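Protein chains in written order, with this note's numbering: chain A, 1 to 258; chain B, 1 to 258.
There are 2 protein chains.
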Amino acid sequence: MNDVTAALMVIGDEILSGRTTDKNINYLATHCTAVGIRLEEVRVVSDKEDRIVEALNILRRSYDYVFTTGGIGPTHDDITAQSVAKAIGVDLVENQEAIAIMEARYPGEVLSEGRRLMARIPVGGELVKNTVSGAPGFMIENVIVMAGVPKIMQVMLDDVTPKLRTGRRLLSRTFVVQHPESTVAQLIGRLDEENEGISLGSYPYFKLGKVGTVIVLRGVDEDLLNQVCLEFVAELKRENKDFEEDLESTELKPLSFD
Amino acid sequence: MNDVTAALMVIGDEILSGRTTDKNINYLATHCTAVGIRLEEVRVVSDKEDRIVEALNILRRSYDYVFTTGGIGPTHDDITAQSVAKAIGVDLVENQEAIAIMEARYPGEVLSEGRRLMARIPVGGELVKNTVSGAPGFMIENVIVMAGVPKIMQVMLDDVTPKLRTGRRLLSRTFVVQHPESTVAQLIGRLDEENEGISLGSYPYFKLGKVGTVIVLRGVDEDLLNQVCLEFVAELKRENKDFEEDLESTELKPLSFD
Numbered sequence: 001m002n003d004v005t006a007a008l009m010v011i012g013d014e015i016l017s018g019r020t021t022d023k024n025i026n027y028l029a030t031h032c033t034a035v036g037i038r039l040e041e042v043r044v045v046s047d048k049e050d051r052i053v054e055a056l057n058i059l060r061r062s063y064d065y066v067f068t069t070g071g072i073g074p075t076h077d078d079i080t081a082q083s084v085a086k087a088i089g090v091d092l093v094e095n096q097e098a099i100a101i102m103e104a105r106y107p108g109e110v111l112s113e114g115r116r117l118m119a120r121i122p123v124g125g126e127l128v129k130n131t132v133s134g135a136p137g138f139m140i141e142n143v144i145v146m147a148g149v150p151k152i153m154q155v156m157l158d159d160v161t162p163k164l165r166t167g168r169r170l171l172s173r174t175f176v177v178q179h180p181e182s183t184v185a186q187l188i189g190r191l192d193e194e195n196e197g198i199s200l201g202s203y204p205y206f207k208l209g210k211v212g213t214v215i216v217l218r219g220v221d222e223d224l225l226n227q228v229c230l231e232f233v234a235e236l237k238r239e240n241k242d243f244e245e246d247l248e249s250t251e252l253k254p255l256s257f258d
Numbered sequence: 001m002n003d004v005t006a007a008l009m010v011i012g013d014e015i016l017s018g019r020t021t022d023k024n025i026n027y028l029a030t031h032c033t034a035v036g037i038r039l040e041e042v043r044v045v046s047d048k049e050d051r052i053v054e055a056l057n058i059l060r061r062s063y064d065y066v067f068t069t070g071g072i073g074p075t076h077d078d079i080t081a082q083s084v085a086k087a088i089g090v091d092l093v094e095n096q097e098a099i100a101i102m103e104a105r106y107p108g109e110v111l112s113e114g115r116r117l118m119a120r121i122p123v124g125g126e127l128v129k130n131t132v133s134g135a136p137g138f139m140i141e142n143v144i145v146m147a148g149v150p151k152i153m154q155v156m157l158d159d160v161t162p163k164l165r166t167g168r169r170l171l172s173r174t175f176v177v178q179h180p181e182s183t184v185a186q187l188i189g190r191l192d193e194e195n196e197g198i199s200l201g202s203y204p205y206f207k208l209g210k211v212g213t214v215i216v217l218r219g220v221d222e223d224l225l226n227q228v229c230l231e232f233v234a235e236l237k238r239e240n241k242d243f244e245e246d247l248e249s250t251e252l253k254p255l256s257f258d
């Protein structure tokens, strides 16, 4: 296995108070799955240096990469850069490349103190481009520090992704079964156990008075994945259960099981 | 201070793979703020027993309450109840009250094995009602175990909330300032530092080509909060900055600052 793992640390009191709904977790999770990085953990922590340092030190030693979002703006509660520097044990200094980027963005203006603060980067950090608003993120060791504003996070993620190692892509097939989850639980449990490398997940839904189950089969080996899907489908037919393959949620060409 | 703190553990591979967008974090965060519980941390972990046990043991010792969502259905990857039992060190047994609830819901039917699995509750756990689909959650010690399906999580949260201790409610006032965050950073940093018990957060926005900053002032002391807001407003006026109070995001009657 050449799996590459990652964690995401979302930094911000506004997520924990409920004021802001996080939009970065799902975007990053989907992106990681698509490029072949397995997101294994997410933590949302408050804007407190000791909390950020403690969580970052655990996560950066546990996973191949740690992404962070939030806390790199110009205000007093933007303490991500200083916390990352502290966790890694390097100084936080004004980065001349970052200063040049921001001066180029506001030609003829003297950089405000707030903007200068956003140019402070831990020593050894490489800049991550922000084509939306200028002020860069950075990558240092295995830690990738990005903005919390979703549009900015997304362009930063695009900029940094080519620099990351990736593993095999996790492929998936999705079925919608028009029966309660409890009636297919044994079948999917058995298939999950019998087929190493393939995992089956099931997600009940209640919609317009109907009860059903979405079943997702995942694995990196396309042939094995298709084989387990065909066995699953044969079993559903044998039990006269109604189902369909959800082609929108399926990453491969439809199976033919007629 | 009689603050009551909590953490949320979201359990589910489907959130980490990006297949499902979590809708429970923001709901629970908003609910906690409204009732006077301070949500201090969120973790999203995968459907692996050792991960759940490890995270739960840290969180339940660090906060007054730990909420969990997900992993209490009838399938092989629904391992939350067994993991909580293991973390706390009690057995997981078929709960007769839960069996009775589920039998009452499907009169005349023999409970399927899947449904019986959902009636297994750690010894000492008190049931949390699920008026949507029957199968209950539970509370054991300071751990509250709820479903991952948002509608079910929400009715469970309503059921359990009257049993929880709560602290002082955090009040907030929100202002929209039509200037970049960097131009107000020093002012809000100063007010934050000078006024213990009041925290100021700032959130830049980029909308329809306009740049601005949302500023939220929070605290439990209404008089002090209003006083700091008036000082903030007076300073914005002195600097000729455009702003308005965002009445939809503000939990108190509007200030009069004309």
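The beta-carbon is built from N, C-alpha and C at its ideal position, and this holds for glycine as well. In this text the structure is predicted, and so the values were computed from the model without any measurement.
Any chain B beta carbon closer than 8 Å to residue i
| i | result |
| --- | --- |
| TYR203 (chain A) | yes |
| THR80 (chain A) | no |
| ARG19 (chain A) | yes |
| PRO74 (chain A) | yes |
| LEU170 (chain A) | yes |
| ALA119 (chain A) | no |
| SER256 (chain A) | no |
| ILE15 (chain A) | yes |
| ARG43 (chain A) | yes |
| VAL263 (chain A) | The displayed coordinates of chain A run from 1 to 258. Any statement about residue 263 (chain A) would go beyond what the structure contains. |
For residue i, the three-state DSSP class (helix, strand or coil)
| i | result |
| --- | --- |
| PRO180 (chain B) | coil |
| ARG43 (chain B) | strand |
| ALA147 (chain A) | coil |
| MET118 (chain A) | coil |
| GLY70 (chain A) | coil |
| PRO136 (chain B) | coil |
| GLY219 (chain A) | strand |
| ARG169 (chain A) | coil |
| LEU187 (chain A) | helix |
| GLU126 (chain A) | strand |
| THR161 (chain B) | helix |
| LEU225 (chain A) | helix |
| VAL93 (chain B) | strand |
| LYS241 (chain B) | coil |
| LEU200 (chain A) | strand |
| LEU111 (chain B) | coil |
| LEU8 (chain B) | strand |
| THR213 (chain B) | strand |
| LYS86 (chain B) | helix |
| GLY174 (chain A) | The sequence shown places Thr at residue 174 (chain A), rather than the Gly named in the question. In this structure, THR174 (chain A) counts as strand in the three-state DSSP scheme. |
Alpha-carbon spacing of residue i relative to residue j, whole angstroms
| i | j | result |
| --- | --- | --- |
| ASP64 (chain A) | ARG51 (chain B) | 17 Å |
| ASP91 (chain B) | PRO122 (chain B) | 6 Å |
| SER118 (chain A) | ILE188 (chain A) | Residue identity check: residue 118 (chain A) is Met in the sequence provided, not Ser. Distance between the alpha carbons of MET118 (chain A) and ILE188 (chain A): 50 Å. |
| LYS151 (chain B) | GLU113 (chain A) | 47 Å |
| GLU239 (chain A) | ALA185 (chain A) | 13 Å |
| HIS76 (chain A) | ASP22 (chain B) | 29 Å |
| GLY124 (chain B) | GLU49 (chain B) | 20 Å |
| ARG168 (chain A) | ARG60 (chain A) | 21 Å |
| GLY73 (chain B) | LYS207 (chain A) | 17 Å |
| THR174 (chain B) | THR250 (chain B) | 5 Å |
| ARG43 (chain A) | ALA7 (chain A) | 8 Å |
| THR30 (chain B) | GLN82 (chain B) | 29 Å |
| LEU111 (chain A) | MET102 (chain A) | 8 Å |
| PRO107 (chain B) | SER46 (chain B) | 35 Å |
Min CB distance residue i to chain A below 8 Å
| i | result |
| --- | --- |
| GLY209 (chain B) | no |
| GLY274 (chain B) | Because chain B here runs from 1 to 258, residue 274 (chain B) falls outside it and cannot be looked at. |
| PHE243 (chain B) | no |
| PHE232 (chain B) | no |
| SER83 (chain B) | no |
| GLU54 (chain B) | no |
| VAL228 (chain B) | no |
Presumed contact (8 Å Cβ cut-off) between residue i and residue j, rounded CB distance
| i | j | result |
| --- | --- | --- |
| MET153 (chain B) | ASN26 (chain B) | Rounded, the Cβ-Cβ distance is 12 Å, inconsistent with contact. |
| GLU141 (chain A) | ILE79 (chain A) | The pair is not a contact, with the Cβ atoms about 19 Å apart (cut-off 8 Å). |
| GLY197 (chain A) | LEU224 (chain A) | 6 Å |
Scan the stretch 10 to 61 of chain A and note each continuous alpha helix (DSSP H) run of 4 residues or more that stays entirely inside, going in chain order. 13 to 16 and 24 to 35
Taking only beta carbons into account, state which residues of the stretch 177 to 193 of chain A come closer than 9 Å to chain D, listed in chain order. The structure shown contains no chain D; its protein chains are A and B.
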